[in-house]
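Protein chains in written order, with our numbering: chain A, 1 to 406; chain B, 407 to 812.
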């Protein structure tokens with residue numbers, strides 16, 4: 001074991017200040033004595049910290065208490081116009097941006113279409129330009145920008161923020177963080193989209209000792225793990241690859257080069273492909289009607305719609321996907337013993353019946369399921385979820401590294 | 407997010423003292439100035455800490471330096487006879503015990519046969535009695551006992567040390583830690599055997615940011631995860647169940663009640679069962695000779711021996727096991743992205759060829775394998791490995807909780 005990290009006075013002072021700040025964020029407007037009680041510090045210590053936060057413009061007076069008798073204590077609140085931070089979801093066809101103020105409240109969101117992801121440098125230059133415009137516009141009324149978190153469906157090397165591969169973009173080995181950082185005048189951070197999504201999904205429940213497996217069931221399938229409030233990264237940025245666990249050794253080839261991966265039999269793409277193939281050989285299906293005879297228009301949503309309308313072929317495809325997803329979830333649950341599984345992404349928006357089928361298939365393959373305390377649920381659907389998560393990862397990183405301007 | 411844990415002066419003082427202690431353990435005998443340099447403290451601070459450690463009997467003088475001119479500084483060393491701690495591996499037929507002194511050096515080991523694990527209270531009473539005898543004998547020459555770590559092949563509830571289930575023992579819902587603690591006059595801790603084994607395997611390499619998957623391939627199959635130097639527990643003590651991931655949907659029933667679990671097709675028990683079944687129907691196999699015609703004597707070792715001698719049936723069984731183990735490993739590696747996989751237990755002692763087959767099967771099912779930096783190796787075989795790990799978990803826990811007598 002290494003030596004324990006040396007502690008010092010500065011760390012004590014910083015932790016006290018960060019806790020006072022957090023108390024103002026969470027429980028403000030609030031007076032000095034109440035803060036002292038809440039964060040277990042003396043009133044003089046809180047007074048010194050508050051003076052400093054005043055000086056830095058982070059807080060403002062919010063009047064006097066109106067209860068009690070005698071001298072009324074001053075109430076303090078975070079100044080929401082002092083600073084903000086942004087999150088950017090870099091998608092293949094759209095980039096989505098959100099901004100939060102220091103209290104974590106959303107102050108803006110917008111989306112922009114993108115073009116061809118080639119050449120990469122040009123595409124990233126476009127993302128950078130749009131992000132800068134978004135930031136500059138907000139700076140007029142919302143103070144300093146603390147940083148920008150970017151999320152992308154890619155393998156991201158921890159530490160460097162380099163894209164190892166981004167299959168949807170056809171990218172390989174791109175110094176994404178470095179390229180973004182050069183044109184953006186605040187700290188930049190890059191994360192995998194599913195990881196950002198997971199942080200957003202668990203944002204309000206990260207107190208306590210949970211382990212959450214967040215699975216993104218969309219065109220592809222990925223997962224992220226949050227344990228003890230912390231995003232698990234793996235050693236090389238290639239964790240959470242639930243979509244490439246083999247669930248059917250005799251299954252179809254996957255675009256990763258292996259056979260029978262979950263993604264090859266149960267992703268949105270696989271569901272649509274299966275439907276297309278069957279429709280071409282069987283005339284009778286609700287899907288034929290839904291796609292107006294043009295099988296190239298078939299997508300997973302159409303298959304789910306047809307299944308809900310009782311179409312036999314679609315029901316079979318959907319049930320098969322649920323069984324495979326449940327089996328792959330059982331691998332992750334058997335290995336990790338999480339207490340929460342959150343299913344996100346387009347496929348997870350197909351109602352309770354689909355979720356129950358997944359849950360049942362998962363439980364069929366769990367060991368000691370009677371001893372587990374496992375909750376499986378659908379995530380909150382919001383097209384800005386990934387961007388919000390990216391913003392949150394940025395803020396959490398500034399917090400943990402003690403890099404907030406407080 | 408919760409409030410950050412409040413820091414205080416006591417923690418600073420404790421961290422300094424623990425680092426000085428660790429320096430003495432790792433680099434002693436050593437003088438005060440060298441300690442100060444190594445742990446980045448002032449010499450006066452080190453002097454105060456050293457005085458305290460002297461007073462507590464943890465260290466002793468080891469003479470004067472013999473180099474240099476002028477006044478020679480005193481050299482200090484941990485007193486190896488001041489205290490010790492023990493680890494106990496509770497096995498179905500044997501309990502194994504080890505004891506380490508404060509420097510972590512082994513000072514004793516012994517094993518004792520056990521009897522019927524029923525009634526549980528009587529069995530645990532026996533373990534307790536033997537542990538106490540072991541401790542008392544050592545106390546005569548080795549000072550105080552710091553604590554006892556116990557490991558058992560069971561699902562252990564984190565925190566309480568309660569056995570949820572112990573299939574090999576036929577136990578269910580036993581307050582193991584409480585029962586052991588009542589008769590043992592030092593802190594007691596209970597862990598799962600594979601977790602203890604993993605701690606022992608990674609003991610010397612826990613510096614730095616590794617994630618290690620340690621898999622116990624024996625009569626059954628289990629795994630443990632060590633990430634960033636810390637044993638991963640899961641939320642309910644049911645993590646690392648690699649043996650119950652489904653690798654063959656059409657495979658045989660497993661004793662857990664599911665079908666096609668890794669354990670049902672590739673554990674020591676499964677290998678022996680397959681051989682027995684085939685031998686009963688096919689006369690010609692090297693195994694028939696090795697077991698002297700009595701198929702009830704067939705075990706996994708016999709199958710591996712026959713395979714090495716070129717026996718066709720045995721080669722098939724071994725290759726099948728390797729393929730399945732490799733596939734299950736790919737699930738864990740795809741999800742966790744470890745940089746090390748260590749294979750322990752009896753099956754892992756069957757030579758490089760078997761390991762290479764497992765590795766090849768694992769790699770066949772990994773996504774982005776060209777981007778992974780993954781080392782797969784066999785663990786160190788030692789019948790006391792689990793007991794040593796149990797002792798180490800105990801010591802680590804006392805360290806992290808700042809409960810050492812320093």
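No residue lacks a Cβ here, since even glycine has one placed at the ideal position from N, Cα and C. This structure is a prediction, so every number in the text was calculated from the model and none was measured.
* Asked: With distances taken from CA atoms, which of 556/B, 739/B and 585/B is nearest residue 496/B?
  -> Locating residue 496/B in the second chain gives position 90, where the first residue counts as 1. Measuring from the Cα of residue 496/B, the nearest candidate turns out to be 556/B.
* Asked: Since residue 211/A is in the alpha helix (DSSP H), which residue starts that stretch and which ends it?
  -> Taking the first chain and counting its residues from 1, the one referred to as residue 211/A is at position 211. From DSSP, residue 211/A is part of no alpha helix (DSSP H) but of the beta strand (DSSP E) over 211-217.
* To do: Would you mind telling me which residues of chain A sit closer than 8 Å to residue 744/B, beta carbon to beta carbon, in chain order?
  => Here the question's residue 744/B lines up with position 338 in the second chain. Simply 234 and 235.
* Asked: For the stretch 218-249 of chain A, which residues have a CB atom closer than 9 Å to at least one CB atom of chain B, in sequence order?
  -> 223, 225, 227, 229, 232, 233, 234, 235, 236, 237, 238, 239, 240, 241, 242, 243, 244, 245, 246, 247, 248 and 249
* Grouping DSSP H, G and I as helix and E and B as strand, with all else coil, what is residue 127/A? -> Reading the first chain from its first residue, position 127 is the one you call residue 127/A. Note: residue 127/A maps to helix in three-state DSSP.
* Asked: Taking Cβ positions only, does residue 332/A come closer than 8 Å to chain B?
  -> Along the first chain, read from residue 1 onward, the residue named residue 332/A stands at position 332. It does; some Cβ of chain B falls within 8 Å.
* Asked: Thinking C-alpha only, which one of 358/A, 336/A, 182/A and 399/A is nearest residue 266/A?
  -> Against the first chain, residue 266/A aligns to sequence position 266. Of the candidates 358/A, 336/A, 182/A and 399/A, the one whose C-alpha sits nearest the C-alpha of residue 266/A is 358/A.
* Asked: Hey, residue 741/B and residue 241/A are a contact pair by Cβ (cut 8 Å); roughly how many whole angstroms apart?
  -> Indexing the second chain from 1 puts residue 741/B at position 335. Indexing the first chain from 1 puts residue 241/A at position 241. That pair is a contact at about 7 Å.
* Asked: Roughly how far, in whole angstroms, is the beta-carbon of residue 483/B from the beta-carbon of residue 465/B, given that I think they are within contact range, below 8 Å?
  -> Mapped onto the second chain, residue 483/B falls at position 77. Mapped onto the second chain, residue 465/B falls at position 59. Between residue 465/B and residue 483/B the Cβ distance is about 6 Å, and since that is below 8 Å, they are a contact.
* Asked: Are residue 498/B and residue 575/B touching if we call contact CB-CB under 8 Å?
  -> Position 92 of the second chain holds residue 498/B. Position 169 of the second chain holds residue 575/B. Taking 8 Å as the Cβ cut-off, residue 498/B and residue 575/B qualify as a contacting pair.
* Report yes or no: is there a C-beta of chain B within less than 8 Å of the C-beta of residue 32/A? => Here residue 32/A is taken as the residue at index 32 of the first chain, counted from 1. With 8 Å as the cut-off, residue 32/A does not count as an interface residue toward chain B.
* Give the DSSP-derived three-state secondary structure of residue 381/A in the structure shown. => The sequence position of residue 381/A within the first chain is 381, counting from 1. Correct three-state label for residue 381/A: coil.
* Asked: Cβ-heavy atom distance between residue 766/B and the ligand ATP below 7 Å?
  -> This structure lacks the ligand ATP; in fact it carries no ligand of any kind.
* Asked: Could you give the uninterrupted runs of the alpha helix (DSSP H) lying entirely in the stretch 583-658 of chain B, keeping only those of 4 residues or more?
  -> 599-608
* Asked: Quick one: what's residue 681/B bridged to in DSSP?
  -> Taking the second chain and counting its residues from 1, the one referred to as residue 681/B is at position 275. Residue 681/B is not bridged to any residue.
* To do: For residue 177/A, count neighbouring Cβ atoms within 10 angstroms of its own Cβ and tell me buried if that reaches 16, exposed if not.
  => Within the first chain, the letter at position 177 stands for residue 177/A. Residue 177/A is buried by the Cβ-count criterion.
* To do: Check residue 173/A in the structure and name its three-state DSSP category.
  => The residue labelled residue 173/A in the question sits at position 173 within the first chain. It is a strand residue.
* To do: For residue 466/B, name the three-state secondary structure that DSSP assigns.
  => Looking up residue 466/B in the second chain gives position 60. Reduced to three states, the DSSP call for residue 466/B is strand.
* Do residue 145/A and residue 88/A come within 8 Å of each other at the CB atom, strictly closer than that value? -> Locating residue 88/A in the first chain gives position 88, counting from the first residue. Locating residue 145/A in the first chain gives position 145, counting from the first residue. Not in contact: residue 88/A and residue 145/A (Cβ atoms no closer than 8 Å).
* Asked: Looking at the unbroken beta strand (DSSP E) that takes in residue 565/B, where does it start and where does it end?
  -> Walking along the second chain from the start, residue 565/B turns up at place 159. Taken as a continuous stretch (DSSP letters only), residue 565/B belongs to no beta strand (DSSP E), as it is neither H nor E.
* To do: Taking the CB atoms as reference points, tell me whether residue 617/B and residue 788/B lie closer together than 8 Å.
  => For the purposes of this step, residue 617/B is taken as residue 211 along the second chain, with counting starting at 1. For the purposes of this step, residue 788/B is taken as residue 382 along the second chain, with counting starting at 1. No, these two residues do not count as a Cβ contact at 8 Å.
* Does any C-beta atom of chain B lie closer than 8 Å to the C-beta of residue 327/A? -> In the first chain, residue 327/A corresponds to position 327, counting from 1. Output row for residue 327/A: interface = yes.
* Secondary structure, beta strand (DSSP E): runs of 3+ residues fully inside the stretch 724-791 of chain B -> 746-750 and 781-784
* To do: Using the Cα positions of residue 329/A and residue 666/B, report the straight-line distance between them to the nearest angstrom.
  => The count along the first chain starts at 1 and reaches residue 329/A at position 329. The count along the second chain starts at 1 and reaches residue 666/B at position 260. When rounded, the distance between both Cα atoms is 16 Å.
* **Sub-8 Å separation of residue 643/B and residue 523/B beta-carbons** => Taking the second chain and counting its residues from 1, the one referred to as residue 643/B is at position 237. Taking the second chain and counting its residues from 1, the one referred to as residue 523/B is at position 117. Contact: no.
* Going straight from the alpha carbon of residue 136/A to that of residue 421/B, what length do you get? -> Against the first chain, residue 136/A aligns to sequence position 136. Against the second chain, residue 421/B aligns to sequence position 15. About 45 Å.
* Between residue 18/A and residue 75/A, what straight-line distance do the alpha-carbon atoms span, to the nearest angstrom? -> Within the first chain, the letter at position 18 stands for residue 18/A. Within the first chain, the letter at position 75 stands for residue 75/A. So the two alpha carbons sit approximately 18 Å from each other.
* Express the C-alpha separation of residue 722/B and residue 507/B in angstroms, rounding to a whole number. => Counting from one through the second chain, the residue named residue 507/B turns up at place 101. Counting from one through the second chain, the residue named residue 722/B turns up at place 316. Whole-angstrom Cα-Cα distance: 47 Å.
* 6 Å Cβ shell around residue 659/B - same chain, five flanking residues per side excluded -> Sequence index remark: in the second chain, residue 659/B carries index 253 (1-based). So the list reads 665, once near-sequence residues are dropped.
* **Selection from 718/B, 758/B, 776/B and 676/B that minimises the alpha carbon distance to residue 727/B** => For the purposes of this step, residue 727/B is taken as the residue at position 321 of the second chain. The shortest Cα separation from residue 727/B among 718/B, 758/B, 776/B and 676/B belongs to 676/B.
* **Three-state class that DSSP yields for residue 118/A in the structure shown** => Counting from 1 along the first chain, the entry for residue 118/A is found at position 118. Note: residue 118/A maps to coil in three-state DSSP.
* Residue closest to residue 51/A, alpha-carbon to alpha-carbon, out of 20/A, 40/A, 37/A and 64/A -> Here residue 51/A is taken as the residue at index 51 of the first chain, counted from 1. When only C-alpha atoms are compared, the closest one is 20/A.
* Cα separation between residue 349/A and residue 43/A? -> Position 349 of the first chain, counting from 1, holds the residue named residue 349/A. Position 43 of the first chain, counting from 1, holds the residue named residue 43/A. Distance between the alpha carbons of residue 349/A and residue 43/A is about 50 Å.
* Anything in the stretch 174-202 of chain A with a Cβ closer than 7 Å to a Cβ of chain B? List those residues in chain order, please. => none
* Asked: Name the DSSP bridge partner or partners of residue 113/A?
  -> Taking the first residue of the first chain as 1, we reach residue 113/A at position 113. Per DSSP, 94/A.
* If we count the other Cβ atoms within 10 Å of its Cβ and call it buried at 16 or more, is residue 700/B buried or exposed? -> Within the second chain, numbered from 1, the residue matching residue 700/B stands at position 294. Exposed, by the Cβ-count rule.
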